[in-house]
Amino acid sequence: MYEPNCFAQLDAIGYEWSPPPRCMHRCVVRFNGAYCVRHVPLSALVQALVAFRHRHGHLNVPDAFVVPENDAAWPEEGSNVLLSRAAQTLCAHFYELSDADVATVHNLSLCTELPHWDDTKQLLALYVKITNQRAVPIEFVVPSAAPWPPRFHHVALGEVAWYLGRKRLVLPRGMLPELDALGVIFHTPATDFVVPDDWDIPWRGLRLGRYVPELRQAVAQLLVPKATFEALGELLERPPEVTPALLRYEPRPLSPSRKRRRVDHRGIDDEKVDALILYRRLFGNLAIPRDFVVEFFDDRWPAPLGGWLLGTYAALLRHRRHLLPPEKKAALDALGFLWQLKPGAISVTTSLSLKVATFSVLIAALRAYKAKTGHLDVPAGYAVPLGAPWPSDAAGIVLKPVLTLLRHHFYDLSTNEAADLHALDFCSDLPSWPAFLELLECFKTEFGHGGVGLDFCVPSTRAWPTEWHRAPLGEIAHGVGLLMAGFEAKKAQQLADTGFLFNSPATWRRTVDGLQQYHRLHRCIEVPPKFVVPDEPAWPQDLRGLQLGRFCGFLKQALTAQMLPPTT
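For any residue, its number in this note's numbering is found by taking its place in the sequence shown, counting from 1, and adding 1.
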């Protein structure tokens, strides 16, 4: 029951983990090679996490790590505790922590969605006073406007109230009268957003606010049934600050001989990859709209895929990108899968779940981190703290994956956002959008066409901007080409005006020539990944120095994805 998934489910229903007296709390420990449960003070768990952070620089605690015993650096009362379970225990008992421990936990970037008790009381009192309502909708977020104090802006007060409602009967004795004195009521129909009468008839009266957080939690824990995924794709992808229309049900044509086929949405296997490849071949990109369905009796698609909600599946991939194995995500990147369809924002991981954040918020978080540390070498598991100088909208976001994400989406950024990244000395090897367009124009001027070879590097000549001499323009251009289907109209037109040709025979010419020569010499095409064409008479002069092994990797990916031009 202390395994994270089980713990989360039990805690979500208000399970009483530590019956009175609650000065001690049950924690999993390992003793004599076996796991058991022992009473441990919450303060000892906090001290153990502080010690781990001090020693390792992060809180990415291995599953099997136990607190050492007889070690002065670690709290004695926490010895043998399975530390990977400590954070969930602290969140479950947050309002039982001392003021000092609350401050420490927040400084560790844990439980940042739960304010200090005094702040919580002030927020609830303000809500009752401002709205004249006693039930806080679960989706309510503190507005960025007076009379709400700026330090409370964007606090998810509805979720805090929901937490208190679940924990009300197990709160410390002194807190319950204070909570009751505020006049806030919990678990009433008015607590949750109810679909109003101007929505479609089937949905009127639905307590949408009550169930969306539960669904989000189930998705994060991979507990949602397959059929439920079909109704979640659009809802999960929308930014939380936009109140979405409920996903509308539109009957799809069914095969007369069978029900709509159900496809397992919980992974990405060869069948799904083949479907994405086919979509790209049919439509030229992977900007799959959320409402796309594989039609029955469409000869372009394999018959078993008829009725598959491919758009919903693509939306779930975008939302759950962080849960994919690295090799699967790399395969989707090679296909040119678009991880966002709406400009300016994207799904990111937080210390507890997922959220949608704008690029500007992510960049502001990196700026605050660098101002504090002097570098961007972010440790694994580091989450953005709550409070100044950190952007409030970034609280809880796990920062290290943001670096990879922003690099991948560099050309989705606005000019100012890209400049902000360069000012942080990040992505400085990637030219800004105007500089990239200038390089493409230089290429067209010198070679008379826009088919940039994958291996092409900017020459060190006067005809080219000095700051980008030796830049791998071919690889940069290929990456842009994979994602250009998601560009806004203005940016797409600017790219087209340069004469750029994505994935043309010229893209692969030298790689294919090198592969043919390698086959002549070695009678195989399995080129080692690090193979570089040597400066030897057996190789043509114009191929010497080519990183053939590396570019053959790109070639194989394109071949698997059926993306190569016909003549190639």
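C-beta: ideal position from N, C-alpha, C; glycine also.
Beta-carbon proximity check, residue i vs residue j, cutoff 8 Å
| i | j | result |
| --- | --- | --- |
| Leu342 | Gly482 | no |
| Gly451 | Phe501 | yes |
| Leu60 | Leu109 | yes |
| Thr569 | Val528 | no |
| Gly345 | Phe360 | yes |
| Gly397 | Thr351 | yes |
| Arg152 | Gly184 | no |
| Val533 | Gly515 | no |
| Pro316 | Arg291 | Before going on, a small fix: residue 316 reads as Ala here, not Pro. It is a contact, given that the beta carbons lie within the stated cut-off. |
| Gly166 | Phe141 | no |
| Leu124 | Val156 | yes |
| Val161 | Thr121 | yes |
| Val67 | Leu50 | no |
| Arg322 | Trp309 | no |
| Gln518 | Leu544 | yes |
| Ala331 | Val274 | no |
| Ala358 | Asp413 | no |
| Leu406 | Ile347 | yes |
| Asp456 | Gly475 | yes |
| Leu115 | Tyr164 | yes |
| Ala570 | Trp75 | No answer is possible for residue 570: it lies beyond the span of the chain, which begins at 2 and ends at 569. |
Cβ neighbours of residue i in the same chain (closer than 8 Å, five flanking residues each side left out)
| i | result |
| --- | --- |
| Thr416 | Ser433, Trp434 and Pro435 |
| Leu400 | Ala366, Leu367, Tyr370, Val379, Tyr383, Ala384 and Val385 |
| Glu70 | Glu77, Ser80 and Asn81 |
| Pro392 | Val362, Ala365, Ala366, Ala369 and Val385 |
| Trp469 | Pro432, Ala436, Leu440 and Val459 |
| Gly58 | Pro380 |
| Gly546 | Val533, Val534 and Asp536 |
| Pro541 | Asp514 and Gln518 |
Residues of its chain near residue i, where Cβ-Cβ distance is below 7 Å and the 5 sequence neighbours each way are ignored
| i | result |
| --- | --- |
| Asn504 | Gly482, Met564 and Pro566 |
| Val570 | The shown model of the chain, from 2 to 569, leaves out residue 570, and the question about it has no answer. |
| Thr561 | none |
| Asp64 | Ser85 |
| Leu387 | His107, Thr113 and Ala396 |
| Leu283 | Arg301 |
| Arg510 | Gly454 |
| Ala335 | Gln558 and Ala562 |
| Leu425 | Leu367, Arg368, Lys371 and Leu377 |
| Trp145 | The amino acid at residue 145 is misidentified as Trp; the sequence shows Ser. Around Ser145: His154 and His155. |
| Gly554 | Pro530 |
| Arg551 | Pro530 |
| Ala464 | Cys443 and Glu447 |
Host beta strand (DSSP E) of residue i (start-end)
| i | result |
| --- | --- |
| Tyr36 | Ala35 to Val41 |
| Thr350 | Ala346 to Thr350 |
Spatial neighbours of residue i in its chain, beta-carbon cut-off 6 Å, leaving aside the 5 residues before and after
| i | result |
| --- | --- |
| Phe293 | Leu311 and Gly312 |
| Trp302 | Val295 |
| Leu237 | Because Leu237 sits at a pLDDT of 46, beneath the cut-off of 50, its placement in the model cannot be relied upon, and the following sentence gives the value as read from the coordinates. The residues are His320. |
| Ile278 | Ala562 and Gln563 |
| Tyr250 | Caution is warranted here: a pLDDT of 27 is assigned to Tyr250, below 50, making its placement in the model unreliable, and the coordinate value is therefore given only provisionally. Counting only Cβ-Cβ distances below 6 Å, and skipping sequence neighbours, we find nothing. |
| Pro506 | Pro566, Thr568 and Thr569 |
| His410 | none |
| Ala117 | A small fix is needed here, since residue 117 is His in this sequence, not Ala. Correct list, in chain order: Val103. |
Residue range of the alpha helix (DSSP H) that includes residue i
| i | result |
| --- | --- |
| Ala331 | Pro327 to Leu336 |
| Val106 | Asp100 to Asn108 |
| His320 | Leu311 to His320 |
| Ala559 | Leu549 to Thr561 |
| Gln89 | Ala87 to Ala93 |
Residue i: CB within 7 Å of a non-hydrogen atom of the ligand GDP
| i | result |
| --- | --- |
| Thr508 | Summarising the ligand content, the structure contains no ligands, and the ligand GDP is consequently not present. |
Enumerate, from N- to C-terminal direction, the unbroken alpha helix (DSSP H) stretches of 4 or more residues contained entirely within the stretch 352–406.
360–374
I'd like the ranges of any alpha helix (DSSP H) spanning at least 4 consecutive residues and lying wholly in the stretch 127–189.
158–168 and 176–182
Could you tell me which uninterrupted alpha helix (DSSP H) segments, each at least 4 residues in length, are contained entirely in the stretch 395–466, listed from first to last along the chain?
401–409, 416–424 and 434–448
Where in the stretch 470–547 do unbroken runs of the alpha helix (DSSP H), each at least 4 residues long, occur, reported from the N-terminal end onward?
474–484, 490–498 and 506–523
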